Amino acid sequence: MPKFPVDVPKAKVIKVFELLGFHIVREGNHISMARENADGTTTPLTMPNHLRIKGSTLRTICRQANISRDEFLKRYEDL
């Protein structure tokens, strides 16, 4: 199993979440994203607007958005 990425560029993280169905809602000190689910609910996601995102922060963001480690890594490796 590949290791979880550390210090990932913000643009790459945003691209991965866009591949997972999220879109940017607003951008300021933090970036807010959301995904519309099949059952009509919305899954929110908030991440800091830093140039690079730490691995621990990325794991927390994935947990908040109900995205498994494997699902994130699969999309990340595809880029």
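Numbering (my numbering), first residue to last: 467 to 545.
In this text, a Cβ means the ideal position worked out from N, Cα and C, and glycines have one as well.
Values in this document were obtained by computation on a predicted structure and should not be read as measured data.
### Message
By the three-class DSSP mapping on this structure, what secondary structure does T507 have?
### Response
coil
### Query
Whose C-alpha, out of I533, P475 and I497, is nearest the C-alpha of L517?
For L517, the nearest C-alpha among the options comes from P475.
### Message
Quick check on this structure: which residue in E502, G494 and E537 has the alpha carbon closest to the alpha carbon of M513?
### Response
Of the candidates E502, G494 and E537, the one whose C-alpha sits nearest the C-alpha of M513 is G494.
### Query
To the nearest angstrom, how far is it from the Cα of K478 to the Cα of Y542?
8 Å
### Task
May I ask which residues mark the beginning and end of the alpha helix (DSSP H) holding I497?
I497 -> not in any alpha helix (DSSP H); beta strand (DSSP E) instead, spanning H496 to E502.
### Query
Is the CB-CB distance between V472 and L545 below 8 Å?
no
### Message
I need the DSSP call for V472, collapsed to helix, strand or coil.
### Response
coil
### Query
Which residues does DSSP pair with H489 in a beta bridge?
A500
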